[in-house]
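Protein chains in written order, with the UniProt record's numbering: chain A, 1 to 303; chain B, 1 to 308. Even glycine gets a Cβ: it sits at the ideal position worked out from N, Cα and C. Just so you know, these numbers come straight off a predicted model, no measurement behind them. Before any comments, here is the structure.
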């Protein structure tokens, strides 16, 4: 870093004023575009979303068509990953499982972000007793480890055939972390000058909240949403692995890993493929979260 | 400090009450009849069902049920399992195993997390920094049960270094691989956390001052940079100790360790709601107490917290 004496004033003032002003988002996008982490994870995520939307492009096999005569069959033409114990095509199940994992992750994240930021924004914006009550509720949910809480709730719905039970349970125990971050973001934005200016110009508190405070508090919420997506996918797989997550009729990586558990010593590859698919998906979202964090939080930018 | 401690303990009371109420409500008041669930696929015998309802106070209003549960819980009386064993003695048998496993995982993640994080943060940009970063990113993305299987397959089945499963009365060596698996994700988070803390502390003014007054490099690193970087790491570690006990469920399932997680899982399979609610309540208490200890440590390490 150069000392003050070495830097002429002219140079300090020589900001190019003719250049168009860049917003925080444009600035973040420029940082993102140059980040190799973002490019790699972006390509992976686009690919994963494509597989989830059009599984038929990648395999013609039906993941639920299993014949026992194929049980533990080796890889062959048209069945690159071989067959599992029930004689199902492992490759087809990995391809179709993408949709399940991704839907659960995205739906949970959307609900969590919506409710978490709503509650957090209300708590931060209203302050006083509203904040006190909401913050205590957040503390209570925070004290329950997510996996345990999810298990307690899910054991009540073991007969349900819907993926929504897992989505809602993840959301039920996940919204608090977003609420905390949204609250502190709103608190720090609330007293900034542009809000005072907006109030002086006659806007109502509600207009202030939706037009100024929420848009300016979005960055930390987006960061936690991206990182959480990966962790919800892991949680879903863990719950399905424990046998209380998704119904067994749904093709899911967690369920397949759980079923292949007993094959560890004899046919580890049946266990291997869905695990790798799961790990790559989660890795993609975690890398994306890191990249987004670097772009939106200038303080954490690595030199 | 005393005043701060008192305030934090008083703040803990509503959280503990609220959390136990929430867990209790989730288990006993949600749609789905726990008594019916006990019968499984068999037809429900109304007389037996009524008897069970009376035994668990399920015929009383919800809030009375909860208060009775709380009163019994204070004296560690959690009722009996279906086979007539007192719940607390089952828990007392399983808890030491899980505590042992969680403490081993804790030591593993604390030591290796901080050491690798410090190496990586102090030598940013070196090749081993990149290796450490990539490995930690991989450990975070791979779910615990996959890490567990890989460990079991490579270290247990192929190389035969560690026992593949631990069994009912595991010793230190039996628990070594499960503890590493359990602690691996948190270790990766600690590496990342210490690395980023250290790299934000290195360019700080106080570090420059310390160097300017002639302190040796080792002194500056250990007494200033590392010490200040450890504050958030300690917070993370403390919160994680509670989470490890709850997270042990998957690890215990894979390695067949008869701890609290295993017990919870078996109780869920058998539909023993009473056992589940007791364990979750106890684990939540452990979690809350751990957080309190962390806050105390935090206040001791950073005087600014005490006066806030």
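- Proximity of residue 86 of chain A to chain B, defined by a Cβ-Cβ separation below 8 Å, is not satisfied.
- When the Cα atoms are used, residue 145 of chain B and residue 238 of chain A turn out to be separated by approximately 7 Å.
- With its beta carbon at least 8 Å from every one in chain A, residue 139 of chain B lies outside the interface.
- In the structure shown, the three-state DSSP call for residue 268 of chain A is helix.
- Against chain A, the CB of residue 19 of chain B has a partner CB under 8 Å away; the residue lies at that interface.
- Contact between the region 131 to 145 of chain B and the region 185 to 195 of chain B is present: three or more C-beta pairs spanning the two stretches fall below 8 Å.
- Excluding sequence positions up to five before and after residue 102 of chain A, its CB lies within less than 6 Å of the CB of 52, all in the same chain and listed in chain order.
- Against residue 243 of chain B, the close residues of chain A are 145, in the order they occur along the chain (beta-carbon pairs closer than 7 Å).
- By a beta-carbon distance limit of 8 Å, residue 232 of chain A contacts residue 170 of chain A. Their separation comes to about 5 Å.
- The straight-line gap separating the alpha-carbon atoms of residue 150 of chain B and residue 87 of chain B is approximately 35 Å.
- A Cβ of chain A is located within less than 8 Å of the beta carbon of residue 249 of chain B.
- Unbroken alpha helix (DSSP H) stretches of 4 residues or longer found wholly inside the region 124 to 192 of chain A: 128 to 142, 146 to 154, 164 to 190, given in chain order.
- Rounded to whole angstroms, the separation of the alpha carbons of residue 179 of chain B and residue 93 of chain B is 19 Å.
- For residue 231 of chain A, the uninterrupted alpha helix (DSSP H) run begins and ends at 214 to 241, by DSSP.
- Between residue 177 of chain B and residue 155 of chain B, the gap from beta carbon to beta carbon is short of 8 Å.
- Pairwise C-beta distances place the region 99 to 115 of chain A in contact with the region 168 to 183 of chain A, as three or more of them are shorter than 8 Å.
- The beta carbon of residue 102 of chain B sits closer than 7 Å to the beta carbons of 241, 244, 245, 248 from its chain, once the five residues preceding and following it are set aside; these are given in chain order.
- Here DSSP, grouped into helix, strand and coil, assigns residue 80 of chain B to strand.
- If you draw a straight line from the Cα of residue 145 of chain A to the Cα of residue 93 of chain A, it is about 31 Å long.
- Residue-level contact check: residue 236 of chain B does not touch chain A, since none of the beta carbons of chain A fall below 8 Å from its beta carbon.
- The alpha-carbon of residue 91 of chain B is positioned some 13 Å away from that of residue 265 of chain B.
- Using a 10 angstroms sphere on the CB of residue 205 of chain B, the tally of other CB atoms stays under 16, which defines it as exposed.
- For residue 114 of chain B, the closest C-alpha among the options B/268, B/260, B/227, B/298 is that of B/227.
- For residue 139 of chain A, the C-beta contacts it makes with chain B under 7 Å involve 15, in order along the chain.
- Here residue 100 of chain A is actually not in contact with residue 277 of chain A; their C-beta atoms are around 11 Å apart, not less than 8 Å.
- Contact with chain A is absent for residue 79 of chain B, since none of that chain's Cβ atoms lies less than 8 Å from the residue's Cβ.
- Residue state for residue 63 of chain A is assigned as coil, using DSSP reduced to three classes.
- For the region 273 to 284 of chain A, the residues whose beta carbon sits under 7 Å from a beta carbon of chain B are, in order, 275, 278, 279, 282, 283.
- Where residue 120 of chain B is concerned, the enclosing alpha helix (DSSP H) starts and stops at 87 to 122.
- Using beta-carbon distances, residue 268 of chain B counts as an interface residue toward chain A, with a partner under 8 Å.
- CA-to-CA, the gap between residue 12 of chain B and residue 20 of chain B works out to about 12 Å.
- Under DSSP, residue 240 of chain B forms no beta bridge with any residue.
- Proximity of chain B to residue 215 of chain A at the Cβ level (cut-off 8 Å) is not reached, the minimal Cβ distance being about 27 Å.
- Between residue 85 of chain B and chain A, the shortest Cβ-Cβ separation is not below 8 Å.
- Looking at the DSSP output, residue 83 of chain A bridges to A/89.
- By the neighbour-count criterion, in which 16 or more other beta carbons inside 10 Å mark a residue as buried, residue 272 of chain B falls on the buried side.
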